[in-house]
Each structure stands twice: as structure tokens, then as C-alpha cells.
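The next block holds one structure in the form of C-alpha cells; read it before the comments.
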Amino acid sequence: MSDAPPQPPAGGWEPRDPTVQTPGDADAPPSPRPPGPNRTPDPGRTRPRRTGWRRALPTRRTVLGGLLLLVLVLGGGFLAGYHLIEIPPANAAATAQANVYLYADGSPLAQGGRVNRESVPLARIPRPLQRAVLAAEDRDFHTEPGVDPGALLRASWNTLTGKGTQGGSTITQQYVKNYYLGQERTVTRKVKEFFIAIKLDRAKSKDEILEGYLNTSYYGRNAYGAQAAAQAYYGKDVQDLDTSEGAYLASLLNAPSAYDVGARPSNRPRALARWNYVLDAMVQERWLTAAQRSALRFPVVLPSHPTAGLAGQRGYAVQAVNAFLARHGVLSQKELAAGGYRITTTLRKDRVDAFSEAVREQVLDRLDPDTNPADRYVRVGGASIEPATGKIIALYGGVDYTRQYVNNATRRDYQVGSTFKPFVLASAVAHGATTQHGEPITPNTVYDGTNKRPVQGWTGKAYAPANEDDVSYGGIPLHTATDRSVNAVYAQLAVDVGPKKVQRTAIALGLPADTPDLNASPSIALGPATASVLDMAEAYATLANHGRRGLYTLVEKVERIDPDGDHPLPLPAAGSGARQAVSREAADTTTAVLRGVVEGGTGTAARAVGRPAAGKTGTAEDDKAAWFAGYTPDLATVVALMGQDPKTGAQKPLYGAMGLARINGGGAPAEVWAHYTGTALDGTPARDFDLRLPEGSEIDRDREPEDLTEEAGAEDTTDQATDDRPRPQDPPPPDRTAPEDEIRITE
């Protein structure tokens, strides 16, 4: 046997099949499989690891598994979100509405509240406006689901990647954002919006959702909802809009500031393009014919201006109306602050405007605060009432609510002066009072008008008031003492009647029982009480109405504004609970005497009204206020000028104001009264008073005071007609001033 290694055959060695073992190889480990493309697969062996660029690619198993996991996660997330996210209560901003205040004829007076919105039912919104909004925002609203997943994902992705915020939501989603969520644009809010919209689309009808959307959307000019927008852009209610106007409002939803042509005329090209887009879409949806479309013209939009708000007299009116509603238990201050009420007042715009014009001509145009410091103190308040109906038809609260916050028509911190004296006279007749000598008191009763004459029959502290300018009148009939506003006579008359009875009569006529300084003492006759202008107007209206007093009201109707319809609230009616405050004879006797004040007494400036009138002048202590209270058979009105420091709120004398040495009730107040009353009653026939006087009360105006001087044994007197001011000997009432934080005046 040769030891030489075997030689390969001529053709070379054949490759050995490692799967075939020879007997000698039984214990040898298997040889590795040779590499190469021709190898035979071994299903029992593990797939080798991939190398190179193949390692970066996911396998089919990974892809399929990942997709399955994603489906499971998304499905689970959807189910979890659907079950966990509930439809929340409406947010406070979405439900807040303005209180809408209207004049008696239904025209807008003001809006008050946190949000300028007035929700209306869908039935009040014209169909063309509804369709214009759908054409602009969501044409498939009625046929498609309430969510658009594609738009939502796109918006979320852009937000996450910092590419800016993006809308693209359906009307249902926009409504969810407006009504249930908020305006922030975050992924969390978008997710909530998605699930709430799905549930809402199942829980509410399309009409309910559309109604909510139209009432919560923002149209610019601080107008939320279609009704507020209609008023802001056209000055009309939403149900009165035509197709052209509705299409413009629908255009605004996209970008109000960019399309408001009233605010910026330069916006017109863009607004016109958007308006055309909306109308063309309506034609495409067959909501508008081509002929109708071609006939439409771009609407005229009101110029942009600050919202009506509370400027001018509006704020004073709203303030007075709210106080009336709260005082009579109709609405609390909290309910009024929440908003959502339509309040129709008794105020008449023409009368309010007439009052403002009278004040402007007779007072404001005569002021020169730059050169006359006293003119800076002048404030004016006024109130006007229809005696027969009890309706307050006009108020004048001041120069402008945004400049002078305190309402001069309702404030109760200025003395009423001698405008109180008619209440003493009415009380005397009503109670059948007699003099200290037991004589019945009539307008012809002679009193001693000596200056600083001590009153007789008063058991309290001695009281001897001064007459205006310290004039002594001697013996003077009561009606003449009224014409000339003689303090000495009326202080004695109050004692003869009884100060307590006088106090009760004033309250019965209309003054509040809690009126400051309405005290039962002889000085009550001179008017230290600080009733408001409106309080005094109510009392004088009772005299004009022959002593009969009902409820004096500022409000005709109150309705709760709801999308499903307005709900009226119970309200005391004007004149309700009418009763005879004083006898007709007492009221009519007082009227007869007060006619003399206008015809020949301290109030002759009121004769400019040109019709029968009765009234009384008054001046507060130290000339801090001047009053004229008067009436015709149709209208009772009170005007007061008040002195107040615009910085400190302290009451100030009116000496030197309007270029006059003194301001008294027979001056500017009577002139304003005559100007206003004449304008307010223009075109109505002049009526005389229908008076019923008790026997012996007919006024004898032929006897002059001088004729009675010798009979009374008094000193000579003067015919000078003067006004008066209370000068009680008791400690004077404190100088009431409005708290500094209530004074918001910009000179």
C-alpha cells in the first residue's frame, strides 16, 4: 500500500455533498453549507440575518403587525374618547347676552351686558341668510356628518409642526368650538371638538345646530349672532334682511375685519369678491337662480362707529330702568348683569331728544368753563311724566353718561327748596286745616309775611326763617305768598297743618318715605328734603292728575330672550293700584294757586310754553341747586340745575354760573322747562285745566299785598318777585356729596 496521497482524478474532485455521510464521517461535525446561489434551502434552519442596506427596511411581518397595532390603538382610542368625552355645558361666554333696551315705539335705545348678543329662533332668520352662510362655510351641512376627519387631521398636523393654525372645520365643529369649548387652537381642543361634534350630530337636529351656530358666531363690530350683526351693519332686525344683506353677513364670518367696508372703505374690493363668491355658491347649490343673482347689488352698510353702548342719555336711562326693575322685584341686579332680556321702556325718543335740545340751548350753550370757573360746576337733571298714564316718557341725566356718571335725574342729595311748598298747601286743603285763630285755610287766607317772623304754635325749638333777600311782606294772601315763595308764611302754614301731616301728604303724592331730611318740623315747608328730580316729577304728576296716583313706570314690557321664543315676565302695569293720594279738591286748589306762579310770580319764564301751565320754583340752601317743577294737563316735568365740583364731587354754590350773579328756579330751569314742554307738546291742542275747587277757594287776585299791609299792621313791602332758599335756624343738613369713586367726569 502506497503512502503517497491519493491523486485527484483527471476531471478533478467532485464536490462533496455534506448531507451525505460516509461511514468514516459519522462522528464528525457537519460541515458548513457552502455559500452560493445554487444551494438548496433548508426549511428547518433559521433565516440568516440581513446585511447591508436591507437591514434598514421593515419586514412584511413588521409592517403588517404595526398596521394592526395602529388600528387597534386608534380604534381603542376612538372608543375611549367617544365614551369618556361628554357634551359639556355651554361656556359662559356663549350663553351670555346683552340686555336690549328699547324706546316705547320699539326702536333701539341701548344695549347693556357683557356680550353684544341677542339670540333669536331660527324661524326669525331669513332662509336666504341661512343658505348664504351654508354656501360660505359648509355647503354639505345637511347631508354630511358633523365632522371632517381630513380637515381635522390637516389642521392638527399643521399646528403640531408649527406651520400655523388652520380651520377647515364643519359648521357643527365651529358651533362646538363657539358654544361648548373656546377659541384656543390646541390639539387637545381639536380632539374634544371632534368627539363632541360626533355626539352632537347624533343628539341634535341640523336645524338646532344651525340655529346655535348663527347665534354664537362673531360678525365683527362686537356683534355676536345674526341679530346683533343685523343691527350693527344695517340698523334693523335680522328678519328684515334681504338676500344681498344676508350674503354680506355670511361673508363676514370668514374674516370680519377684512370685509367691513363701513370701518375701512379700502376693504371694498375684497368684500365684494367674497360677497360674489357666496352668491355664486348659492347659484351652484340651486338656492338662487341666475336671474335672481344678476339682479342683486352690493348692500349699503352703515358706517362703523362705537357701539351704541351707554353714551349720551342712554346710560342714564339704562341705570334708571335697572333700578326700577330691581326695586319692584322684577329682576335682580344679578339677573340683569347676566343679560339676556329685552326691555321695552316707556321713554319716547322724541321727548328725550327734545329734553336734550332744551338743555343744550338754555344751559350748555351759555356755559364757558374755560373763562368762568363757576360754569364747571353746572349739572342738569330732568324728568317728564304723562299724568294720565303714569308713564315716564323722558329723562335727562346729565351731559353724557360716559363723561358724567352720576344720574342727575335720580340722585337724592340736593335740597328741593321751595318746590316742596305745594305739598304743604295740598295738605292744608286735604285736611281742612285752620290757622292759629281757627280760620279755615284757603288760597285767600292772609298770613304775616314778615321776614324772620317766629312761627306760632310750635312747641319745639324756636324757628324764624328768613325770606329770600330778607324781604318783609307783611300781610299777604296765601296765593300771593305762593307766587312769591314767602318762607315766613309757609313755615307757619306747615305748623298750622301739622308737620307730620305734611310729611304724610308728600309721601302720598310720590316722595319716597325714606327721602333724606324729610323731617316733620316747620322747616319741612322750605324743602330741606333731598328728593330726586324723578321723585318730584311723580309728585307733581299726581297733582296734575287731580290727586290720583298710580304706579309711575319706566317699563312697558320685559322678555327673556331665548332661541325657542321670548318669554314675557310679569310686570306691574302703569297706573296699577291707583288711589286718591289727596282729594281732588286739594289737588285742584293747589293747581289753581300754582297757575299764579307762572302767570305773575317767580316762574313767569314758563309762560313761554304758550299754553295753560302751573308750576313752582325752588332754590336750595346756599344756591347749590335751582329747580322748576311744573305741569300742563298733559305733561308734568321737573328741571334742576345743580352745583358740583367735577373733581371732588362736593356740592358747590352756583353763584356766577352762566354769567349771572345768582341762579334761581325762575331762570334757566324754568326756561328749559318751557322749551322742552313746548317742543314735546307741539302739534297737540292746548287744553285748560279742569279744576274742581271747594266752596270759598276761588282765588281773588284783585287784592294786592299792599292793600293788606295796613290791615296786618306790617311794614311796607315790595312787589319784587323773588325766589327763595331755605334758611332754617336748626343746624343745617350736612353737605351731601356723591362718593368720589362715583364721579367719572371728563371736562
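For what it's worth, this note's numbering labels the leading residue of the sequence shown as 957, then goes sequentially. For each residue, glycine too, the CB sits at the ideal point set by N, CA and C.
Enumerate in chain order the residues of its own chain whose CB-to-CB distance from G1268 is below 6 Å, with the five nearest sequence positions on each side excluded.
Stepping through the sequence shown from its first residue, residue 1268 is reached at position 312. So the list reads D1356, once near-sequence residues are dropped.
Within 10 Å of its beta-carbon, does V1256 have 16 or more other beta-carbons around it, so buried, or fewer, so exposed?
Here residue 1256 corresponds to residue number 300 of the sequence shown, with the count starting at 1. So V1256 ends up on the exposed side.
Could you work out which residue in L1525, R1298, V1594, G1623 is closest to H1284 when comparing CA atoms only?
One-based indexing of the sequence shown puts residue 1284 at position 328. Answer by Cα proximity: L1525.
Can you list, in chain order, the stretches of the beta strand (DSSP E) that have 3 or more residues and sit fully within the region 1530-1611?
Entirely contained in the region 1530-1611, the beta strand (DSSP E) runs reaching 3 residues are, in chain order, 1570-1575, 1581-1587, 1592-1599.
Consult DSSP for P1396 and reduce its assignment to one of helix, strand or coil.
Locating residue 1396 in the sequence shown gives position 440, counting from the first residue. P1396 falls in the strand class under three-state DSSP.
Return yes when the Cβ of A1576 is within less than 8 Å of the Cβ of Q1371, no when it is not.
Taking the sequence shown and counting its residues from 1, the one referred to as residue 1371 is at position 415. Taking the sequence shown and counting its residues from 1, the one referred to as residue 1576 is at position 620. For Q1371 and A1576, yes; Cβs fall inside 8 Å.
Find the nearest neighbour of G1405 within the set Y1419, A1444, K1417, judged by alpha-carbon distance.
Position 449 of the sequence shown holds residue 1405. When only C-alpha atoms are compared, the closest one is A1444.
Can the beta-carbon of Y1057 be found closer than 8 Å to that of T1301?
Numbered from 1 along the sequence shown, position 101 holds the residue referred to as residue 1057. Numbered from 1 along the sequence shown, position 345 holds the residue referred to as residue 1301. Yes, the pair counts as a contact, with Cβ atoms nearer than the cut-off.
Could you check the C-alpha separation between S1250 and S1063 for me, to the nearest Å?
Translated into the one-based positions of the sequence shown, residue 1250 becomes position 294. Translated into the one-based positions of the sequence shown, residue 1063 becomes position 107. Rounded to the nearest angstrom, the two C-alpha atoms are 33 Å apart.
In whole angstroms, what is the alpha-carbon distance linking D1096 and T1199?
The residue you call residue 1096 lines up with position 140 of the sequence shown. The residue you call residue 1199 lines up with position 243 of the sequence shown. Their backbone Cα atoms lie some 20 Å apart in a straight line.
Under 8 Å: do the region 1497-1516 and the region 1468-1482 share three or more Cβ pairs, one atom per stretch?
Too few Cβ pairs lie closer than 8 Å, so no.
Under 8 Å by Cβ, that's how I've got D1579 and P1609 pegged, so tell me the actual separation to the nearest angstrom.
Here residue 1579 is taken as the residue at index 623 of the sequence shown, counted from 1. Here residue 1609 is taken as the residue at index 653 of the sequence shown, counted from 1. About 5 Å; that satisfies the 8 Å criterion.
When the Cα of A1182 is compared with those of S1539, L1209, R1270, which residue comes out closest?
Here residue 1182 refers to the residue found at position 226 when the sequence shown is read from its first residue. Nearest C-alpha to A1182: L1209.
I'd like the span of the alpha helix (DSSP H) that includes L1616, first residue to last.
Locating residue 1616 in the sequence shown gives position 660, where the first residue counts as 1. No alpha helix (DSSP H) contains L1616, which DSSP labels as neither H nor E.
Mind listing, in chain order, the continuous beta strand (DSSP E) runs of no fewer than 3 residues lying wholly within the region 1478-1526?
For the region 1478-1526, whole beta strand (DSSP E) runs of length 3 or above, ordered along the chain, are 1511-1516.
Taking all protein chains shown into account, do 16 or more other C-beta atoms lie within 10 angstroms of the C-beta of P1329, making it buried, or fewer, making it exposed?
Within the sequence shown, the letter at position 373 stands for residue 1329. Counting Cβ neighbours within 10 Å, P1329 comes out exposed, since fewer than 16 surround it.
On the DSSP letters alone, give me the boundaries of the alpha helix (DSSP H) that V1271 sits inside.
Taking the first residue of the sequence shown as 1, we reach residue 1271 at position 315. Sequence inspection shows Gly at residue 1271; the Val mentioned does not correspond to that position. Per DSSP, G1271 belongs to the alpha helix (DSSP H) from 1270-1283.
Please state whether DSSP places L1655 in a helix, a strand or coil.
As a first step, residue 1655 is located in the sequence shown; it is residue number 699 there, counting from the start. This sequence places Ile at residue 1655; Leu is not what is there. The answer is coil: DSSP assigns I1655 none of H, G, I, E or B.
Would you give the residue range spanned by the alpha helix (DSSP H) that Y1175 belongs to?
The residue labelled residue 1175 in the question sits at position 219 within the sequence shown. Element bounds for Y1175: n/a, residue is neither H nor E.
Please confirm if the region 1449-1468 is in contact with the region 1383-1390, defined as three or more CB-CB distances below 8 Å between the two stretches.
Yes, they touch.
Which same chain residues, not among the five before or five after P1568, have their C-beta less than 8 Å away from its C-beta?
Here residue 1568 refers to the residue found at position 612 of the sequence shown. Around P1568: R1551, T1588, P1589, A1642, R1643, D1644, F1645.
By the three-class DSSP mapping on this structure, what secondary structure does T1302 have?
The sequence position of residue 1302 within the sequence shown is 346, counting from 1. Note: T1302 maps to coil in three-state DSSP.
Within its chain, find whatever has a CB closer than 6 Å to the CB of T1498; leave out the 5 residues flanking it on each side and keep chain order.
Working through the sequence shown from its first residue, we reach residue 1498 at position 542. If we look at T1498 and ignore the five residues flanking it on each side, its Cβ neighbours are L1465, G1466, R1505, A1537.
Along the chain, where does the beta strand (DSSP E) containing K1347 start, and where does it finish?
Locating residue 1347 in the sequence shown gives position 391, where the first residue counts as 1. Counting along the chain, the beta strand (DSSP E) containing K1347 begins and ends at 1347-1352.
Distance, Cα to Cα, V1451 vs G1413?
Taking the sequence shown and counting its residues from 1, the one referred to as residue 1451 is at position 495. Taking the sequence shown and counting its residues from 1, the one referred to as residue 1413 is at position 457. Taking the straight line joining both Cα atoms gives about 7 Å.
When the distance is taken between beta carbons, is H1502 closer than 8 Å to A1543?
Your numbering for residue 1543 matches position 587 in the sequence shown. Your numbering for residue 1502 matches position 546 in the sequence shown. Yes, the pair counts as a contact, with Cβ atoms nearer than the cut-off.
With three or more beta-carbon pairs closer than 8 Å as the criterion, would you say the region 1358-1374 touches the region 1314-1326?
These segments do not touch.
Helix, strand or coil for T1199, going by three-state DSSP, please let me know.
Working through the sequence shown from its first residue, we reach residue 1199 at position 243. It is helical.
At what residues does the beta strand (DSSP E) containing A1339 begin and finish?
Here residue 1339 refers to the residue found at position 383 when the sequence shown is read from its first residue. Segment 1334-1342, the beta strand (DSSP E) holding A1339.
Whose C-alpha, out of A1092, I1348, Y1169, is nearest the C-alpha of L1591?
For this step, residue 1591 is matched to residue 635 along the sequence shown. Here the closest residue by C-alpha is I1348.
Out of V1334, D1473, A1596, E1654, state which residue places its alpha-carbon closest to the alpha-carbon of G1612.
Residue mapping note: residue 1612 aligns to position 656 of the sequence shown, counting from 1. The candidate whose alpha carbon is nearest that of G1612 is V1334.
How big is the Cα-Cα spacing for D1309 and N1055?
What you label residue 1309 is simply residue 353 of the sequence shown in a count that begins at 1. What you label residue 1055 is simply residue 99 of the sequence shown in a count that begins at 1. Spanning the two alpha carbons is a distance of roughly 22 Å.
Using C-beta distances below 6 Å, list every residue in its chain close to R1224, excluding the 5 sequence neighbours before and after it, in chain order.
Numbered from 1 along the sequence shown, position 268 holds the residue referred to as residue 1224. Around R1224: V1217.
So A1564 and A1582 are in contact, right, with Cβ under 8 Å, and what is the actual spacing, rounded?
For this step, residue 1564 is matched to residue 608 along the sequence shown. For this step, residue 1582 is matched to residue 626 along the sequence shown. Actually they are not in contact, since the Cβ atoms of A1564 and A1582 sit about 17 Å apart, beyond 8 Å.
According to DSSP, is P1212 part of a helix, a strand, or is it coil?
To locate residue 1212, count along the sequence shown from 1; it is residue 256. In this structure, P1212 counts as helix in the three-state DSSP scheme.
For G1431, report the span of its beta strand (DSSP E) as first-last.
To locate residue 1431, count along the sequence shown from 1; it is residue 475. That run of the beta strand (DSSP E) goes 1431-1433.
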